[in-house]
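Under the working numbering, the first residue of the sequence shown carries the number 58, and numbering increases by one thereafter.
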Amino acid sequence: MSGSQEPETEGAWIALMPGNYPARLFADNEVYHLAGGIAWPGPHHRDYGDAKVAHDACCPGQHANRPTTSRGAAELWRAMRMRLARSRGGR
């Protein structure tokens with residue numbers, strides 16, 4: 058990562074697409090909601106089924122293999138792995 062501020066040992070950063078994800082696809086401990094500018098664990102009844110996803114639920118840097126904790130975590134993990142492979146030029 059030449060020219061960046063992050064140390065090389067950290068590996069590549071993977072940007073998630075901003076937005077909410079269906080909370081029903083994730084385990085309760087994999088999602089959080091925002092209330093009053095604070096991130097709170099778990100889904101919230103006013104989020105209408107949407108939730109933010111915790112980074113460690115689906116990060117390829119933390120999971121060598123596809124997570125089995127929930128369908129949503131597995132799908133996001135796969136999407137991030139594909140994005141990472143594309144950004145590295147298919148290596």
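All residues carry an ideal CB built from backbone N, CA and C; glycine is no exception.
According to the DSSP secondary-structure assignment, Asp104 is paired through a beta bridge with no residue. Across the structure, Tyr105 and Ala80 are spaced so that their CA atoms are roughly 9 Å apart.
The C-beta of Met137 has 16 or more other C-beta atoms within 10 Å across all chains shown, which makes the residue buried. One alpha carbon belongs to His101, the other to Ser144, and they sit about 34 Å apart. The Cβ atoms of Ser127 and Ala84 lie closer than 7 Å to each other.
Contact annotation, Ala130 with Glu87: C-beta distance approximately 6 Å; criterion of less than 8 Å satisfied.
By the Cβ-count criterion, Pro117 is buried, with 16 or more other Cβ atoms from all chains shown falling within 10 Å of its own Cβ. Residue environment analysis places Ala96 among the exposed positions, since fewer than 16 neighbouring C-beta atoms fall within 10 angstroms of its C-beta.
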